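Chemist: Here it is: the structure, laid out below.
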Amino acid sequence: MKALADGLKRGDRGCIARCISIAEDEPEAFSKLIKGIYDPNRIPRVIGITGPPGCGKSSLIAQLAPIIASHGNKLGIIAIDASSPFSGGSFLGNRIRMEETVSSSNIFMRSIATRGAKGGLAASIMSALITLSCAGFDTVIVESVGAGQADVDILDIASTILLVLAPGLGDEIQAMKAGTMEIADIFVINKSDLEGAYQAKRAITAYLSTLSGPQSKMIANTSCTKKEGIKDLAGMIEKHEKSINTKSFIERAFSMEVNRIAKELLSRRVDGLLARNPHAMSNMLKGRVDPYSAAVKLLDTEKKHGK
Amino acid sequence: MASGRNQKSSRPIRVLLAKPAIDGHDRGVYVLARAFRDAGMEVIYPGLLPTPEEMVRIAIDEDVDVIAISLLNGSHMTIFKKVMELLKKNHAEGIAVVGGGIIPAGDKPMLEKMGVSGNYGPGTPMSDIIDHIKKRARESRSKKW
């Protein structure tokens, strides 16, 4: 454990990788591991990339990452892919698009599976960020799973959020008006070499004009195949990062993380209570109590017997 | 616990599935990727043609338990050997290496000696491959700290 913590501080890739796995598999062991070596104020700034599947998030990161790294940032990439709800397995394929840049610029990249988490991220994401902060990383690009309308968890950790869209999503942009559309700081219309890019930009501009108050949201047109618009996008990210209060993001991220862990621990206790009190379920199924009362009663049992 | 949900108690096996060197026959790899995923593994697939250097770096960055390499072009004796050397050089000998592809029976003992096990050919039942990877993953984990 000590050697692992030392390796982490040195920035040893193998140790960083091992620590992230420990965070994924054994949160308790991870908490012991980082004791005394982590500083919440050194948590890296997070650029969050979200958007529907197939709109080019990974390809965009592949081109954006070297530019951000060239500005003197120690950059990491965390790409999240979905786990199967049936087998628990996962196909982590983000490297297919990114491998070339990752290997040529020596950027640390890690794929993480959602392992049942909803909201577009994995439960271990904050721990992964803490791990990277211990190894001296100051900027991390987090790619969410191909996200739908309600996958807005990236909001809890990212100081700049890019919503990547593609031409031809016209009606879907309408449908997304609540949810992901609201959390974006920069709208990226990727694949802008394709027909319909102008219409997509117009749809977003129209959406933004309906919002009240001063708007700082930006729209970028990019094309990964033609390598166009990527530098402008990097400029927009820097501009947005300068305009925000980093401290409030750190506070928010950590309070959400404590909230998540507390809920997780409570949920395990409830599982245990249910297992120890089979009559709670059977009473309900026989129609003696309704589900709400059964749940209240179950929690009361814990109070009575102490923990 | 609820069925159909990822069981938190068991850590999924992480596998790097790679097809290095000049060999573009990727149908088989996709079949394997799907089968490994359905067996509950987290499969990292880096695309076609990774070099042995890239494979070893990815395996370390992703903290995989097993590297599964498939080669159909006859260069297994060179490539597999190189991967084993690089793992050693990077102090990552703990990661298990499983091979497969078109591998003549005569080469298998030498590959086994290098530490590359399995070396399955066409027609191998998927369950044999999965069981073998699970076994090697258990060994690999016991060596990690």
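Listed in order, the protein sequences are those of chains S and P.
Residue 3 is where the first sequence starts when you use the working numbering, and the numbers rise one by one after that.
Residue 14 is where the second sequence starts when you use the working numbering, and the numbers rise one by one after that.
C-beta atoms are modelled at their ideal positions from N, C-alpha and C, and glycine is treated no differently.
None of these values were measured; they are calculated from a predicted model.
#1: Of the residues Glu67(P), Ser88(P), Glu55(P), which one's Cα is nearest the Cα of Gly113(P)?
#2: Which of helix, strand or coil does DSSP assign to Ser194(S)?
#3: For Lys157(P) and Ser284(S), I'd like the C-alpha separation in whole angstroms.
#4: Grouping DSSP H, G and I as helix and E and B as strand, with all else coil, what is Phe189(S)?
#5: When the Cβ atoms of the segment 109-126 of chain S are set against those of the segment 74-93 of chain S, are three or more pairs found closer than 8 Å?
#6: Would DSSP call Arg24(P) helix, strand or coil?
#7: Is it right to say Ile71(P) is buried, meaning 16 or more other beta carbons lie within 10 angstroms of its own, or is it exposed?
#8: Under a CB-based cut-off of 8 Å, is Asp76(P) close to chain S?
#9: Rounded to whole angstroms, what's the CA-CA distance from Asn19(P) to Ser211(S)? Just pull it up for me.
#10: Count the C-beta pairs between the segment 93-108 of chain S and the segment 57-73 of chain S that are closer than 8 Å, then say yes if the count reaches three, no if not.
#11: Taking Cβ-Cβ distances below 8 Å as the criterion, which residues of the segment 112-129 of chain S are in contact with chain P?
#12: Quick check on Leu123(S): does DSSP put it in helix, strand or coil?
#13: Residues of chain S with CB under 7 Å from Phe49(P), in chain order?
#14: With DSSP run on the structure shown, which of helix, strand or coil describes Tyr58(P)?
#15: Counting only Cβ-Cβ distances shorter than 8 Å, please list the residues of the segment 121-136 of chain P near chain S, keeping chain order.
#16: Using a Cβ cut-off of 8 Å (strictly closer), state whether Gly16(S) contacts chain P.
#17: Starting from the beta carbon of Gly60(P), find every residue of chain S whose beta carbon is closer than 7 Å, and list them in chain order.
#18: By DSSP's criteria, Ile49(S) is part of a beta bridge. Which residues make up the other side?
#19: Could you pull the start and end residues of the alpha helix (DSSP H) that Val104(S) belongs to?
#20: Grab the span of the beta strand (DSSP E) containing Val110(P) for me, first residue to last.
#21: Does the segment 191-201 of chain S come within contact of the segment 226-240 of chain S, defined as at least 3 CB pairs closer than 8 Å?
Modeler: Considering the structure as presented:
#1: For the purposes of this step, residue 113(P) is taken as residue 100 along the second sequence, with counting starting at 1. Nearest option by C-alpha distance: Ser88(P).
#2: Here residue 194(S) corresponds to residue number 192 of the first sequence, with the count starting at 1. DSSP places Ser194(S) in coil when its eight states are reduced to three.
#3: To locate residue 157(P), count along the second sequence from 1; it is residue 144. To locate residue 284(S), count along the first sequence from 1; it is residue 282. Approximately 45 Å, taken between the alpha carbons.
#4: Walking along the first sequence from the start, residue 189(S) turns up at place 187. Correct three-state label for Phe189(S): strand.
#5: yes
#6: In the second sequence, residue 24(P) corresponds to position 11, counting from 1. Coil at Arg24(P), not helix or strand.
#7: Taking the first residue of the second sequence as 1, we reach residue 71(P) at position 58. So Ile71(P) ends up on the buried side.
#8: Start at 1 with the first residue of the second sequence, and residue 76(P) comes out as number 63. With 8 Å as the cut-off, Asp76(P) counts as an interface residue toward chain S.
#9: Sequence index remark: in the second sequence, residue 19(P) carries index 6 (1-based). Sequence index remark: in the first sequence, residue 211(S) carries index 209 (1-based). Reliability of the predicted coordinates at Asn19(P) is poor, the pLDDT of 39 falling under 50, and the value obtained from them is presented with this limitation in mind. Roughly 42 Å separates the two Cα atoms.
#10: yes
#11: Arg112, Ser113, Ala115, Arg117, Gly118
#12: Mapped onto the first sequence, residue 123(S) falls at position 121. Coil, per DSSP.
#13: As a first step, residue 49(P) is located in the second sequence; it is residue number 36 there, counting from the start. Chain S residues near Phe49(P): Gly91.
#14: As a working mapping, residue 58(P) is identified with position 45 in the second sequence. Reduced to three states, the DSSP call for Tyr58(P) is coil.
#15: none
#16: Here residue 16(S) is taken as the residue at index 14 of the first sequence, counted from 1. Gly16(S) counts as touching chain P.
#17: Taking the first residue of the second sequence as position 1, residue 60(P) is located at position 47. In chain order: Arg97, Ile98, Glu101.
#18: Along the first sequence, one-based indexing puts residue 49(S) at 47. Note: Ile49(S) sits in a beta bridge opposite Ile143(S), Thr162(S).
#19: As a first step, residue 104(S) is located in the first sequence; it is residue number 102 there, counting from the start. Run containing Val104(S): 97-107, per the alpha helix (DSSP H) assignment.
#20: Counting from one through the second sequence, the residue named residue 110(P) turns up at place 97. Note, Val110(P): beta strand (DSSP E), 109-114.
#21: yes
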